[in-house]
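Worksheet for the structure shown next.
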Amino acid sequence: MAQATLAAALAGMSVLVAAEGAWLQARIRPDSWLAAVLRSPLVAVVRLVYVCGFPYLALMTGLLPPRLFGLKGLEALTPLDFSRPFPVLLGGLAERGGNLLLAWLPDFGPAAAVIPLTAGAFVAGGWLLRLRLGEGGRAYSAWPEALLDGIHWSFYRAVGWLLFGSLYPGSVAGLAAMLAEYIAVGRAGRFSAVRQMQYALRFAIGLTVTVTFVFVPNLWFALALQVGLAWAARHITGAPQEVILPDAGEG
């Protein structure tokens, strides 16, 4: 119970940090030195630490086991004995790598039917979004952003899975946390209508990936799907790309 409470508190802190960052950025004058800092590469580093910091902390402290992130097979790994001869050491490394590969291979099963349906719904939604954005809109997004989104959302899914003890309700809880963060960031950052549409598209991608994750609980497959959908979204919307990194609160 204490473990679940700590995980929920960590997820809540993640949402608050994102909203606070958007609130502060919306109130910075364009000619201030803080605005110059937000345009620097430092912001990309801050966002990387924010997105990866929470799941890394949860993994390293044992608060969330790797299995809940979709990292199958990590719990079964045993430490290598580096005092053994090199050929034995190399064989042990190859054996562990093979076991991980087998554990990470997704079992497509019922997902073979789910993936085309969700992908088709996403493409249809993308064409509707293109009509709303027009040529003056902005596209989501570069693949590094999509990768960071996938890592960030995997943290919320893992927390939900721990809280409810089951993948399906845990994934729904993860979606709810993602939606709560987006609403909080949008309100705190005073986003325009176009920016809100971009967040709606990001949530649609997250929904598609989460539905697939329920049937294929594999983080690597989820991240690959995340990047692929983001790439498709950029080309479907037909809007010019604009990197979202200056928003420290976005994730």
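Here our numbering = 1-based position in the sequence shown + 356.
The C-beta atom is built at its ideal place from N, Cα and C for all residues, glycine as well.
All values derive from a computational prediction rather than experimental measurement.
Burial check for Met-534: the Cβ neighbour count within 10 Å reaches 16 or more, so the residue is buried. For the alpha helix (DSSP H) assignment, the uninterrupted runs of no fewer than 4 residues enclosed by the segment 519-585 are, from N- to C-terminal side, 523-545, 549-571. Close CB contacts of Pro-500 within its chain, under the 8 Å cut and outside five residues either way in sequence, are absent. Nearest to Arg-423 by C-alpha distance, out of Phe-511, Glu-376, Ala-560, Arg-403, is Phe-511. Per DSSP, Pro-421 is not a residue of any alpha helix (DSSP H), being assigned neither H nor E.
By the C-beta density criterion, Tyr-412 is exposed, having fewer than 16 other C-beta atoms within 10 angstroms. CA-CA distance, Leu-366 to Ser-522, rounds to 19 Å. In the three-state reduction of the DSSP assignment, Phe-442 falls in the helix class, which pools H, G and I. Of the other Cβ atoms in all chains shown, fewer than 16 fall within 10 Å of the Cβ of Val-444; this residue is therefore exposed. In this structure, DSSP gives Leu-366 a helical state, which the three-state scheme calls helix. In this structure, Val-541 sits away from Tyr-524, with a CB-CB distance that is not shorter than 9 Å. Ranked by how close their Cα comes to the Cα of Leu-404, the residues Glu-376, Gly-447, Leu-504 have Leu-504 in first place. In the structure shown, the three-state DSSP call for Asp-437 is coil. In its chain, beyond the 5 residues on either side, Trp-509, Met-534 have a beta carbon closer than 6 Å to the beta carbon of Gly-562. Around Trp-587, the same chain offers Trp-499, Ala-502 as residues with beta carbons nearer than 8 Å, after the five sequence neighbours per side are excluded. The criterion of a C-beta distance shorter than 9 Å is satisfied by Gln-582 and Val-565.
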